[in-house]
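Here the structure comes first, spelled out in structure tokens, and everything after it is commentary.
Numbering (the numbering used here), first residue to last: 5 to 90.
Here is the structure:
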């Protein structure tokens, strides 16, 4: 499945990517969702490998296999009024 990506936020530590958050459109009605992943493994979800680089493929994986972004991080990474899904 290909996700319609709206925005991407990435965090680096020691010149290595440590977190990726992706804002993507859920449906044609304009509802959006935000997914993220970090370097900490979490059962059932995508996590970042130490040598991973940001790419279109990685962004799609974060959208589809990442954890739901918590509300506190949504307001920091993707501020503004949005039609949030789930």
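Yeah, the Cβ is synthetic: ideal placement off N, Cα and C, and Gly gets one too.
For clarity, every value in this text was computed on a predicted model and none was experimentally measured.
Residues of its chain near residue 8, where Cβ-Cβ distance is below 7 Å and the 5 sequence neighbours each way are ignored: For the purposes of this step, residue 8 is identified with residue 4 of the chain shown, where counting begins at 1. Contacts found: 28 and 29.
Rounded C-alpha distance that separates residue 54 from residue 75: Start at 1 with the first residue of the chain shown, and residue 54 comes out as number 50. Start at 1 with the first residue of the chain shown, and residue 75 comes out as number 71. Residue 54 and residue 75: Cα-Cα distance of roughly 26 Å.
Expected contact under 8 Å - CB spacing of residue 70 and residue 40 to nearest Å: Taking the first residue of the chain shown as 1, we reach residue 70 at position 66. Taking the first residue of the chain shown as 1, we reach residue 40 at position 36. The beta-carbon separation of residue 70 and residue 40, rounded to 5 Å, stays under the 8 Å limit for a contact.
Beta-carbon contacts of residue 16 that lie in its chain and below 7 Å, excluding the five residues immediately before and after: For the purposes of this step, residue 16 is taken as residue 12 along the chain shown, with counting starting at 1. Counting only Cβ-Cβ distances below 7 Å, and skipping sequence neighbours, we find 22.
Alpha-carbon to alpha-carbon, residue 18 and residue 35: On the chain shown, position 31 is the one that residue 35 refers to. On the chain shown, position 14 is the one that residue 18 refers to. C-alpha separation (whole angstroms): 35 Å.
N-terminal and C-terminal residue of the beta strand (DSSP E) that residue 80 is part of: Counting from one through the chain shown, the residue named residue 80 turns up at place 76. Looking at the DSSP string, residue 80 is not in any beta strand (DSSP E); the run it does join, the alpha helix (DSSP H), is 75 to 81.
Helix, strand or coil at residue 95 [DSSP, three-state]: There is simply no residue 95 to check, as the chain begins at 5 and stops at 90 in what is shown.
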